[in-house]
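Peer 1:
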Amino acid sequence: MPQKLRTYLNELTLRAYVRLQVFAAQEPVRLRAALTSFVLAAAVIFPAIDAGTAETIGAIGVIALPILVGESARNRVTPV
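If you count by this note's numbering, then the sequence shown holds residues 369 to 448, one letter each, in order.
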């Protein structure tokens with residue numbers, strides 16, 4: 369793989385990651401809904417993911433995301 373292409377893909381990945389972090393901090397409910405929809409759509413597209421597995425992944429996301437986002441928000445507003 370040429371070096372320019374590798375650099376471009378690394379930069380693109382980092383930008384997407386940062387945008388996802390900003391989106392998670394600003395819109396946690398929309399992110400949870402998007403992740404749940406993605407998992408359920410994957411269950412339809414890939415039959416190996418049954419409904420129980422998709423539901424479990426969605427439930428973990430619904431529980432873990434507010435905790436992670438809440439901790440980062442708490443760190444920003446807590447006086448030092």
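From the three backbone atoms N, C-alpha and C, an ideal C-beta is built for every residue, glycine too.
Note that the coordinates shown come from a computational prediction; the quantities given were computed from them, not determined experimentally.
Within 10 Å of its beta-carbon, does residue 390 have 16 or more other beta-carbons around it, so buried, or fewer, so exposed?
Peer 2: Exposed is the call here.
Peer 1: If you follow the alpha helix (DSSP H) that residue 370 is part of, which residue opens it and which one closes it?
Peer 2: Note, residue 370: premise wrong, no alpha helix (DSSP H); not H, not E.
Peer 1: Does the distance from the CB of residue 411 to the CB of residue 401 come in under 8 Å?
Peer 2: No, they are not a contact pair.
Peer 1: For residue 422, count the other beta carbons within 10 Å of its own beta carbon; 16 or more makes it buried, fewer makes it exposed. Which is it?
Peer 2: The residue is buried, with at least 16 neighbouring Cβ atoms inside 10 Å.
Peer 1: Which stretch, first to last residue, makes up the alpha helix (DSSP H) that contains residue 416?
Peer 2: First-last for residue 416: undefined, no H or E at that position.
Peer 1: Roughly how far, in whole angstroms, is the beta-carbon of residue 407 from the beta-carbon of residue 426, given that I think they are within contact range, below 8 Å?
Peer 2: Their Cβ separation, rounded to whole angstroms, is 5 Å, which keeps residue 407 and residue 426 in contact under 8 Å.
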